[in-house]
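This report refers to the structure that appears directly beneath it.
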Amino acid sequence: KSLAEGQKGIVFAAALKLIIPFVIVFPGIMAFNLFSGEMEIEAQQDVQIQANWTLYESLSAADVPAEPLTTFELTGAYTSNNPEKAAEIEAYNARVLKVAGATGAPVTSKKLLGYKYDTAFGILIDRLVPSGFLTVLIFSALAGAVISSLASMLNAASTIFTMDIYKKFLHPSATDDFLVIVGRFCVAVFVVIGALIAPLLGNPKFGGVFTYIQEFQGFISPGILAVFVFGLVVRKAPSICGPVGLLANPVMYGILKLAMPSLAFLDRMALSFGLVLLLMAVITMIKPRRDPIQLPTRTTIALETSSVAKVAGIVVVIVTLVLYAVFW
Numbered sequence: 011k012s013l014a015e016g017q018k019g020i021v022f023a024a025a026l027k028l029i030i031p032f033v034i035v036f037p038g039i040m041a042f043n044l045f046s047g048e049m050e051i052e053a054q055q056d057v058q059i060q061a062n063w064t065l066y067e068s069l070s071a072a073d074v075p076a077e078p079l080t081t082f083e084l085t086g087a088y089t090s091n092n093p094e095k096a097a098e099i100e101a102y103n104a105r106v107l108k109v110a111g112a113t114g115a116p117v118t119s120k121k122l123l124g125y126k127y128d129t130a131f132g133i134l135i136d137r138l139v140p141s142g143f144l145t146v147l148i149f150s151a152l153a154g155a156v157i158s159s160l161a162s163m164l165n166a167a168s169t170i171f172t173m174d175i176y177k178k179f180l181h182p183s184a185t186d187d188f189l190v191i192v193g194r195f196c197v198a199v200f201v202v203i204g205a206l207i208a209p210l211l212g213n214p215k216f217g218g219v220f221t222y223i224q225e226f227q228g229f230i231s232p233g234i235l236a237v238f239v240f241g242l243v244v245r246k247a248p249s250i251c252g253p254v255g256l257l258a259n260p261v262m263y264g265i266l267k268l269a270m271p272s273l274a275f276l277d278r279m280a281l282s283f284g285l286v287l288l289l290m291a292v293i294t295m296i297k298p299r300r301d302p303i304q305l306p307t308r309t310t311i312a313l314e315t316s317s318v319a320k321v322a323g324i325v326v327v328i329v330t331l332v333l334y335a336v337f338w
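For the sequence shown, this note's numbering gives the first residue as 11, with consecutive numbering after it.
Structure (structure tokens):
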């Protein structure tokens with residue numbers, strides 16, 4: 011209803027974000043420290059995880075690395091808990107890279123997982139939560155959260171296709187009733203696509219569902235943020251900066267992913283964000299807009315800023331920096 015209310019909402023949402031590490035990350039850390047032995051047993055029983063270990067054992071048995079040349083990457087936790095095995099794998103990787111350097115043969119990389127981390131939540135519930143009503147309540151809440159999130163995403167995706175693509179470009183004269191049918195059809199199609207993709211995410215090469223989703227968002231979100239920020243701050247930016255920034259981000263993110271695969275996805279997103287800003291700045295310097303854009307003034311709502319939101323915002327920023335410093 012006013013600028014002040016909007017500011018309070020943004021600060022409140024930012025404050026809620028500070029809770030996420032304690033709700034999502036800490037339980038996983040506790041699960042590993044309490045039940046890493048069970049996670050190791052689960053990994054030993056997983057066919058896909060053991061396939062990489064079997065491949066390593068067969069390739070490392072040869073005195074000279076056999077083709078296809080393959081290196082193996084260990085996770086940090088398994089490396090620290092099994093230093094002798096880690097040293098053995100590092101020595102094998104060194105031999106592979108030496109042969110590759112001498113022959114020019116291509117090298118592929120595979121992950122060796124000593125623990126099946128995806129079992130953390132199930133193990134915590136099974137070992138620490140009394141069976142009965144509380145367990146049912148937890149899984150009901152989880153199911154409700156998953157279903158509501160899935161429903162909202164399917165609804166958003168079908169609406170975007172139906173209204174922004176189908177009606178605008180494919181069938182402008184379509185009636186509302188027909189558009190509803192198209193939207194329902196899109197939901198069905200998206201569900202089938204999701205069901206086909208979901209089993210593939212269990213493969214260790216994806217690094218887990220969370221990492222896969224974040225990696226995919228990296229192709230989109232840094233460019234959108236960069237375009238919005240640049241457009242708000244640089245009033246002489248030409249209109250071409252928008253589409254160029256949106257299209258350049260996935261290209262830059264993809265190049266960074268290929269060139270620096272070990273770089274964390276958040277760092278890769280930050281680099282993409284900075285590169286898109288730099289590209290738009292160069293475009294603006296070459297061909298700036300003659301007349302700076304004047305943002306419209308809203309007179310229908312109160313535009314006084316909120317002193318409460320300003321103080322709370324400063325507190326949120328300080329707490330965020332403290333959390334980064336503590337858990338770096």
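Don't be surprised by glycine CBs; every beta carbon is placed ideally from N, CA and C. Note that the structure is a prediction, hence the values are computed from the model and not measured.
- Note on geometry: alpha-carbon atoms of THR64 and SER162 lie some 42 Å from one another.
- For the set THR145, ILE99 and GLY111, the Cα lying nearest the Cα of GLY124 is the one of ILE99.
- By the 16-neighbour rule on beta-carbons within 10 angstroms, LEU122 is buried.
- Between LEU107 and TYR66, the alpha-carbon positions lie close to 15 Å from each other.
- When DSSP states are grouped into helix, strand and coil, PHE36 belongs to the helix group.
- Annotation for GLU225: PHE275 place their beta carbon closer than 6 Å to its own, counting only its chain and skipping 5 residues before and after.
- The closest CA to that of LEU138, considering only PRO37, VAL292 and ILE324, is found on PRO37.
- Segment contact: the segment 231-250 against the segment 285-304, three or more CB-CB distances shorter than 8 Å; contact assigned.
- In the DSSP annotation of this structure, the continuous segment of the beta strand (DSSP E) that includes PHE82 starts and ends at 79-84.
- The C-beta distance from PHE200 to LEU164 rounds to 6 Å, short enough to meet the 8 Å contact threshold.
- Burial state of LEU285 is buried, judged by a 10 Å Cβ sphere holding 16 or more other Cβ atoms.
- Around the CB of MET40, fewer than 16 other CB atoms lie within 10 Å, so the residue is classed as exposed.
- Looking at the DSSP output, LEU122 sits in a beta bridge with LEU84.
- The three-state reading of DSSP puts ALA115 in coil, since its state is none of H, G, I, E or B.
- The three-state secondary structure of SER159, taken from DSSP, is helix.
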